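First up is the structure itself, then whatever we jot down about it.
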Amino acid sequence: MSLTQQDQARLNVIGSLAAAVKEGAISIDSVSPHFREAVRDRLAIEGYNGSAKARSLVMQWQREDKIRAKQRMQELRVAGCELYSPRPGDYTAVVRVLLDGCEDGTYPTARESAQVVAGDKAPKLVAKTSKKCMKQAYRDNEDHPGMRRIRTVADNSTLTAMASGSVSSCLGALTNSHKLARRLERIELEQAELKARVSAAEAEAARANARIDASEQWKADAVELYRAGKAYSSIAKITGKSKSTIGNHILALICAGKLETK
């Protein structure tokens, strides 16, 4: 075989390998090192972009998958299999039904809430998982009193974690959060009421002490008047007590050594 024939044979092999790479039958890395660089040069000359080709194939496969999925759905419907695919608004509605029940104190189950929205499809709705739709349902219901109450005990990360599970688990978590918020509100209210009662008791005690002090003030006044040289009759008139009451009080103090005789 002449050299020219060898070169032509090599070129034919390179061309075949390049075509196989372009068709996706093999990858450039699987080509023998003896031909790899030559095949890569051939592909570059032909304007072949491996990554662009890969992306094109992926997009083609995705389109084909969607077409096949649609065909399977149609075949299932023809076969009498009833399918259920909730709309985004269904997620918003079922969350709103649950929040209404939480606020009025009935606390419906996830299944009961779903029945209001989806009827006999409720089991399928509560089994669905859609983080995106549940987070949108939160936003759609953000002004609901129940959601505002839940947000006092659950931050955004907690709510996002709730939305990651099934509709059933999410609704259950929302219910538990609402109950916790209500419980904390009752505790705060009870504490406020207790504080008010303590303040009222302290105020009444202060008033009672003031009344006691006022009722005993005549004794101190009587001692001062006695020390000033006033007679029992004068002291009685000034303090509003009887002469005998004044005398007994003064005498008791003198006997106890707390007051000197005038």
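Plus 1397 on top of the position in the sequence shown (first one is 1) and you've got this note's numbering.
Positions of the beta carbon are idealized from the N, C-alpha and C atoms, including for glycine.
Everything numeric in this text was worked out from a predicted model, so none of it was measured.
- In summary, K1525 is buried, with 16 or more beta-carbon neighbours lying within 10 Å of its beta-carbon over all protein chains present.
- Comparing alpha-carbon positions, the option among D1497, A1602, V1523 lying closest to A1507 turns out to be V1523.
- Assignment of K1638 by DSSP, reduced to helix, strand and coil, places it in the coil class.
- Excluding five sequence positions before and after S1574, the CB atoms of its chain that fall closer than 7 Å to its own CB belong to I1547, V1550, A1551, given in chain order.
- Taking the C-beta atoms as reference points, D1426 is found no nearer than 7 Å to T1489.
- A Cβ-Cβ contact shorter than 7 Å links A1415 with L1440.
- For P1542, the enclosing alpha helix (DSSP H) covers residues 1542-1547.
- Here the C-alpha atom of V1494 lies approximately 15 Å from the C-alpha atom of R1545.
- Of all alpha-carbon atoms in V1620, K1638, S1639, M1559, the one lying nearest the alpha-carbon of I1647 is that of V1620.
- Of the candidates P1485, K1634, G1498, the residue whose Cα lies closest to the Cα of L1571 is G1498.
- When K1576, G1486, Q1512 are compared, the shortest CA-CA separation from G1502 is found for K1576.
- Around the beta carbon of M1559, a 10 Å sphere encloses 16 or more other beta carbons of the protein chains shown; the residue is thus reported as buried.
- Counting other Cβ atoms within 10 Å of its Cβ, V1475 stays below 16 and is therefore classed as exposed.
- Scanning its chain for C-beta atoms nearer than 7 Å, with the 5 sequence neighbours on each side dropped, one finds around V1513 the residues V1494, in chain order.
- Around the beta carbon of L1591, fewer than 16 other beta carbons sit within 10 angstroms, so the residue counts as exposed.
- A straight-line Cα-Cα distance of about 18 Å links V1492 and D1517.
- Inter-residue distance for G1644 and R1594 is about 44 Å (C-alpha atoms, whole angstroms).
- In this chain, the alpha helix (DSSP H) harbouring R1536 covers 1528-1537.
- With 16 or more other Cβ atoms from the protein chains shown falling within 10 Å of its own Cβ, P1483 counts as buried.
- Classified as exposed, L1581 has fewer than 16 neighbouring CB atoms from the shown chains inside 10 Å of its CB.
- In the three-state reduction of the DSSP assignment, A1625 falls in the coil class, being assigned neither a helical nor a strand state.
- Leaving aside the five residues that flank I1635 on each side, the residues in its chain whose CB is nearer than 8 Å to its CB run, in chain order, D1618, L1622, K1627.
- With at least 16 other beta carbons inside 10 angstroms of its own, I1632 counts as buried.
- In the DSSP assignment, V1523 falls within the alpha helix (DSSP H) that extends over 1519-1524.
- In the structure shown, P1505 falls within a coil segment according to DSSP collapsed to helix, strand and coil.
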